[in-house]
Structures are given as structure tokens and as C-alpha cells.
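*Asks:*
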Amino acid sequence: MEIKSALTRQYRASLQMLRQCIEVCPDHMWNKSNNRPYWNIAGHALYFTHLYMVQTEEDFVSFEPDIEVTHNVWDPISVDVFFSKEQLLGYCDQLFEACPGLVEKLNLEAEETGYYWYKDMGKYEHQLVNLKHLQGHVGQLSELLMAEGIDIDWVSKA
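For the record, in the sequence shown the residue sitting at position 48 is 49 according to our numbering, with numbers rising by one throughout.
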């Protein structure tokens, strides 16, 4: 099996699961006032998945809307910042479509990740970390939904 094809299928499957989490989230949960609103967790997962799907930080070009503000889920969110379901679904769809081309451009044999905060790791392993991070947040959002009696479907490959 070709590694880039497998990575693409797994990224796209995970993005489909994240899309489900965004799509079925009840309105009362979307912007629940706490330090980690649902939309921010979803935006954070999308932002970093996209960021790390390119060779280096310098190569990154955000889609619209620019969701970089969601990068830190630990800091309180400014009341001036908010992304709608439609905005994050649009970003997710753009990333799903761009995924094959982005993965194809990666040099998985590079000995560095291309991001100064990830040390002692090559690009291939970094992609595995990226998938793990994405699925971790899909699990987090899915658990929040399950507490409301809402399930999403498992997607094994796409």
C-alpha cells in the first residue's frame, strides 16, 4: 500500500467524522459560554490539521475564514470571536477537497517536521501525530455529543 494514499484516506475519513460532529451539534452547545466552546475545539482541530498538512509553517496558507484564532484551546476566547457552523463546515469541506494534493506534496522522508516546536521527529511521524491529534478532538467532540444523546458514524476510510 502506498503511504500517501493511506494517509489521504485516513485524513479524509477523520475530516468526515469531524464534519459530522460540527453538523449535528445542537445550537445550545455550539457557543456554550465556557473557556472551550464547542466551535473553538472544532476550529482548533481544523486549523492544526491543515497547518501540519503542509511541509513547513512558512508554506501554510489558510482558507477563508482564517481560523488561526482557534489555535489555543486553553486560553479564554475573546467575546469578539465566533465562527458559525457554516463557516467551519466550509473550512472542513475545503480541507477535505485539498487533502489529496496537500499530502501528495509532502516530503515524508524529511528528517524534520518543518515546525520549530516539534523537535526530534521526521515529517512522516509528524503526519501520524497530526492524525492522532485530529482524531483526539473528534473523540472529544463526539463525547460531548453523546452526553446529549447524539452519535456520529465511524468512518474507516474515505
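Ideal placement from N, C-alpha and C gives every residue a C-beta, glycine not left out.
Contact between the region 45 to 52 and the region 131 to 138 is defined here as three or more beta-carbon pairs at a separation below 8 angstroms; is this criterion met?
*Replies:* yes
*Asks:* Can you list, in chain order, the residues of its chain with a C-beta nearer than 7 angstroms to that of TYR117? Leave out the 5 residues immediately preceding and following it.
*Replies:* Within the sequence shown, residue 117 is the residue found at index 116, counting from 1. The answer is none, since no qualifying residue turns up.
*Asks:* Going by other Cβ atoms of all chains shown within 10 Å of its Cβ, with 16 needed for buried, is ILE4 buried or exposed?
*Replies:* On the sequence shown, residue 4 is found 3 positions in, with the first residue counted as 1. That one is exposed.
*Asks:* What is the DSSP secondary structure of ARG37, counted as helix, strand or coil?
*Replies:* One-based indexing of the sequence shown puts residue 37 at position 36. Coil at ARG37, not helix or strand.
*Asks:* Near ILE153, which residues of its chain fall below 7 angstroms by C-beta distance, leaving aside the five closest residues on each side in sequence?
*Replies:* Along the sequence shown, read from residue 1 onward, the residue named residue 153 stands at position 152. Result list for ILE153: MET18, GLN21, CYS22, VAL25, SER143 and LEU146, in chain order.
*Asks:* Using CA atoms only, rank isn't needed, just tell me which of LEU8, ALA148, GLU113 and HIS45 is closest to TYR92.
*Replies:* The residue you call residue 92 lines up with position 91 of the sequence shown. TYR92 has its Cα closest to that of HIS45, out of LEU8, ALA148, GLU113 and HIS45.
*Asks:* According to the neighbour-count rule (16 or more other Cβ atoms, all chains shown, within 10 Å of its Cβ), is GLY1 buried or exposed?
*Replies:* Nothing about residue 1 can be reported from this structure: the residues present for the chain run from 2 to 159 only.
*Asks:* Going by Cα to Cα distance, which pick from TYR12, VAL55 and GLN95 is closest to LEU109?
*Replies:* Along the sequence shown, one-based indexing puts residue 109 at 108. Selected option, being the one with the closest Cα: VAL55.
*Asks:* Whose CA, out of PHE84, GLU87, VAL139 and TYR53, lies closest to the CA of GLY123?
*Replies:* For the purposes of this step, residue 123 is taken as the residue at position 122 of the sequence shown. Among PHE84, GLU87, VAL139 and TYR53, the Cα nearest to that of GLY123 is on TYR53.
*Asks:* Measuring alpha carbon to alpha carbon, tell me which of ASN32, VAL104 and GLN88 ends up nearest TYR12.
*Replies:* Your numbering for residue 12 matches position 11 in the sequence shown. Looking at the Cα atoms, VAL104 is the closest of the given residues.
*Asks:* In whole angstroms, what is the alpha-carbon distance linking ARG37 and GLU112?
*Replies:* For the purposes of this step, residue 37 is identified with residue 36 of the sequence shown, where counting begins at 1. For the purposes of this step, residue 112 is identified with residue 111 of the sequence shown, where counting begins at 1. Looking at the two C-alpha atoms, the distance is approximately 34 angstroms.
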